[in-house]
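There are 2 protein chains.
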Amino acid sequence: MGRSDASELAQQLALRMAEYLRRSGLTVGAHLAEQQFADALKVSRTPVRRALAVLADMGVVVQEPNRGYFLRKIPAASVRPALAEGTGLSEERYLRIADDRLAGRIEDHVTETALMRRYAMPRRELQRVLHRMEKEGWVERKPGHGWMFAALPDSVEAHAQSYRFRMMFEPAALLEPGFRLVDSEVKRIRRDQQMLLDGGVHRLSRARLFELGSDFHNTVIGFSNNRFMIDAIQRVNAMRRLLEYRAHYDRERITGQCREHLHLLDLLEQGSRREAAEFMRKHLDVVREQKTGGGRSGNDALNTVTAQL
Amino acid sequence: MGRSDASELAQQLALRMAEYLRRSGLTVGAHLAEQQFADALKVSRTPVRRALAVLADMGVVVQEPNRGYFLRKIPAASVRPALAEGTGLSEERYLRIADDRLAGRIEDHVTETALMRRYAMPRRELQRVLHRMEKEGWVERKPGHGWMFAALPDSVEAHAQSYRFRMMFEPAALLEPGFRLVDSEVKRIRRDQQMLLDGGVHRLSRARLFELGSDFHNTVIGFSNNRFMIDAIQRVNAMRRLLEYRAHYDRERITGQCREHLHLLDLLEQGSRREAAEFMRKHLDVVREQKTGGGRSGNDALNTVTAQL
DNA sequence: TATTGCATTTTGTGCATTCAAGATACACAA
DNA sequence: TTGTGTATCTTGAATGCACAAAATGCAATA
Chain D
10 MGRSDASELA QQLALRMAEY LRRSGLTVGA HLAEQQFADA LKVSRTPVRR
60 ALAVLADMGV VVQEPNRGYF LRKIPAASVR PALAEGTGLS EERYLRIADD
110 RLAGRIEDHV TETALMRRYA MPRRELQRVL HRMEKEGWVE RKPGHGWMFA
160 ALPDSVEAHA QSYRFRMMFE PAALLEPGFR LVDSEVKRIR RDQQMLLDGG
210 VHRLSRARLF ELGSDFHNTV IGFSNNRFMI DAIQRVNAMR RLLEYRAHYD
260 RERITGQCRE HLHLLDLLEQ GSRREAAEFM RKHLDVVREQ KTGGGRSGND
310 ALNTVTAQL
Chain W
10 MGRSDASELA QQLALRMAEY LRRSGLTVGA HLAEQQFADA LKVSRTPVRR
60 ALAVLADMGV VVQEPNRGYF LRKIPAASVR PALAEGTGLS EERYLRIADD
110 RLAGRIEDHV TETALMRRYA MPRRELQRVL HRMEKEGWVE RKPGHGWMFA
160 ALPDSVEAHA QSYRFRMMFE PAALLEPGFR LVDSEVKRIR RDQQMLLDGG
210 VHRLSRARLF ELGSDFHNTV IGFSNNRFMI DAIQRVNAMR RLLEYRAHYD
260 RERITGQCRE HLHLLDLLEQ GSRREAAEFM RKHLDVVREQ KTGGGRSGND
310 ALNTVTAQL
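Chain order of the listed sequences is D and W.
Here the first sequence is numbered in the working numbering, starting from 10 and rising by one per residue.
Here the second sequence is numbered in the working numbering, starting from 10 and rising by one per residue.
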């Protein structure tokens, strides 16, 4: 499936394009201009072309001589795993290291080559992974040689921390002066959440569920146009992925969350931003309690004083 | 000054050690054990030893055969520039690129080698700089070749955004359940702020003033022990350094800020965290108005709703 | 006129080698 | 026993070259 000789970038692009074709309701037979994809994906036509070749191999598009590529059939959700295979290598390694670290199988201080040996990966790739982890804030280079893992709070405490943080800034994001809904995006996340309600919750993989959930918050906070908040939500999500990847997922609860997400969108589209902000806060508070086993409110001081500020 | 043959790391360490010796009131003649510094600085004894050699060259410490190094005189503030010289190269380049970009002299999309040529620096170093900028969130790798600069909001708007963000989470940080003062740190920042009031404001360089200001907030937020908030304040500071580096610095206003900082510490030491949080919010609000030219409150919705939540 | 197909140029990565310098181990002095 | 002096081992950065593939320019075609 999907050309083993295609470059990694091409694989990635193929995946993203398939995703795009599936979501953005184009009709079969539509002409797919190379340059447009190139611009949208911030690359040149060359890798786009390769990606289209991959998709052609899978029967998603057809190439007509001198006329380019045309959509042949809307790609099924099943193209995902097939394509992700090619791109997943590095991701897999990332997860393996993350897993080992979270399980305490890696010391606080490690040398680069020790990791290279242990995971049998070339230095370059390891460095990429480490840089990613560094960006996510849980490893640091030591001044001299080697890397240092940050002491992670246990996962319950980490969750509690992240939700307290989110309860502060996510509602605030909705009230930013620069807040502007983008219709196409609203449509997209609304459709996703609705899809989850229509059975998706039980059908999709955990990773996918996580992705859709964080994408929702990402997108909404994105409307604020405040780069600090956008940044913050992305970092929180990165950490959450780490913590929740293997955590228990209560699918019933997700259903409830989807309803709340949809309601939030309703409020925003009505222009009731204050109500929306308040609703967001409650939404997060509920999730927090679920994740952290709750107590009754976890942080009385916070709630009280938040009421004062 | 200070051994041109010392490695860069050694120079850095020498700088940090000098700083430490100056602050942490050791008495002349004190024995400086290598291993302690090594542990504190997260490196092996080798570079520490080199750094000590540098400091010996400058007359700050003396080496006695088979007994190690001893403090000879408390390093004056003037050692800073002398030592920083060695470490400043990369920093200087970083600032030059940052400057060019902020002034609009660099396009949104750039290729790596184009930058290499333009700034006449080796790839490795350029990449380090770019990675740093990436961590700070204002450049990204493109999927294929090249880098892409994020569209920065103009500096007034960026300031406004950052302060709105900070007004949300900094007060909240003071109310975190895990909030614990660390006496030695409190002492340190109190002394720094006091020093500023005692004339430092007029004596020190802008860069140094900035550093002391952000160090204050860093430290205080650090007491929260909430890694998300600690992370957030660091990112905000990185961006502020960028924006303010060349900005106008009103030294009189800084005096006022120092007083507020000291008052905040008083409140915290009395255990009045709620009052402290409220005070912090006002403190930031005042600074925000100064920086952004203000209007009367910039964001009524925020203030009002904050009052509700 | 816009877009494809293809050829050419340019870029950045991979890899092997080399070397400065950071980490480590151990003998010896205080 | 603790900490220095020093020799040895190991690490990771620098360098140069070859190559895959991304960017770009241009003729051909709908």
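Yeah, the Cβ is synthetic: ideal placement off N, Cα and C, and Gly gets one too.
None of these values were measured; they are calculated from a predicted model.
- In chain order, L205, V210, L218, G222 place their CB closer than 8 Å to the CB of I263/D, counting only its own chain and leaving out the 5 sequence neighbours on each side.
- Using a Cβ-Cβ cut-off of 8 Å, H140/D counts as an interface residue toward chain W, since at least one Cβ of chain W sits closer than that to its own.
- For a Cβ distance threshold of 7 Å, residue set G146, R244 of chain D lies close to D240/W, ordered along the chain.
- In this structure, V63/D lies near Q20/D, with their beta-carbon atoms less than 8 Å apart.
- Proximity of V119/D to chain W, defined by a Cβ-Cβ separation below 8 Å, is not satisfied.
- Residue contact with chain W for S171/D: present (Cβ-Cβ distance below 8 Å to some residue of chain W).
- Between E43/W and V57/W, the alpha-carbon positions lie close to 7 Å from each other.
- Per DSSP, reduced to three states, the secondary structure at F79/W is strand.
- Secondary structure at F188/D: coil, using DSSP grouped into helix, strand and coil.
- If you ignore the 5 residues before and after T120/D, its C-beta comes within less than 8 Å of the C-beta of H154, G155, W156, all in its own chain and listed in chain order.
- Residue-level contact by beta carbon holds for V52/D and chain W, with a gap shorter than 8 Å.
- Residues are counted here when their Cβ sits less than 9 Å from a Cβ of chain D; for the stretch 274-289 of chain W these are R282, R283, A286, E287, given in chain order.
- When V191/D, K151/D, L184/D are compared, the shortest CA-CA separation from A285/D is found for L184/D.
- According to the DSSP secondary-structure assignment, E179/W is paired through a beta bridge with no residue.
- G208/D and D201/D have their C-alpha atoms some 11 Å from each other.
- Shortest Cα-Cα distance from M67/W to any of I106/W, R283/W, A23/W, R102/W involves A23/W.
- In this structure, F288/D sits near L273/D, with a CB-CB distance shorter than 8 Å.
- The contact set of M177/W on chain D, defined by CB atoms closer than 7 Å, consists of M177, F178, A181 in chain order.
- With a threshold of 16 other beta carbon atoms within 10 Å, L293/W meets it and is buried.
- Under the Cβ distance rule, N235/W counts among the residues neighbouring chain D, one pair being separated by less than 8 Å.
- For Y258/W, the CB contacts under 6 Å within the same chain, skipping 5 residues up- and downstream, are R215 in chain order.
- With fewer than 16 other CB atoms across the displayed protein chains lying within 10 angstroms of its CB, V191/W is exposed.
- Rounded to the nearest whole angstrom, the C-alpha separation of A27/D and S87/D is 10 Å.
- For V71/W, the enclosing beta strand (DSSP E) starts and ends at 70-73.
- Residues of chain D whose Cβ lies closer than 7 Å to the Cβ of F174/W are, in chain order, F178, N235, F237, M238.
- The beta carbon of Q45/W does not come within 8 Å of any beta carbon belonging to chain D, so the residue lies off that interface.
- The contact set of K151/W on chain D, defined by CB atoms closer than 8 Å, consists of K51, V52 in chain order.
- Counting only runs of at least 4 residues, the stretch 199-267 of chain W fully encloses the following alpha helix (DSSP H) elements, listed from N- to C-terminal order: 215-231, 236-253.
- When DSSP reads this structure, M157/W sits in a beta bridge with H118/W, E149/W.
- In the displayed model, L61/D falls within a helix according to three-state DSSP.
- Just measuring C-alpha positions, the residue of V52/W, K51/W, S53/W, V69/W sitting nearest R31/W is V69/W.
- Residue environment analysis places H40/D among the exposed positions, since fewer than 16 neighbouring C-beta atoms fall within 10 angstroms of its C-beta.
- Under the three-pair Cβ rule at 8 Å, the stretch 138-151 of chain D does not count as touching the stretch 173-184 of chain D.
- For T301/W, the enclosing alpha helix (DSSP H) begins and ends at 282-301.
- Within chain D, not a single residue places a beta-carbon under 9 Å from that of Q203/W; the smallest gap is close to 29 Å.
- Where M67/W is concerned, there is no enclosing alpha helix (DSSP H), because DSSP gives it neither an H nor an E.
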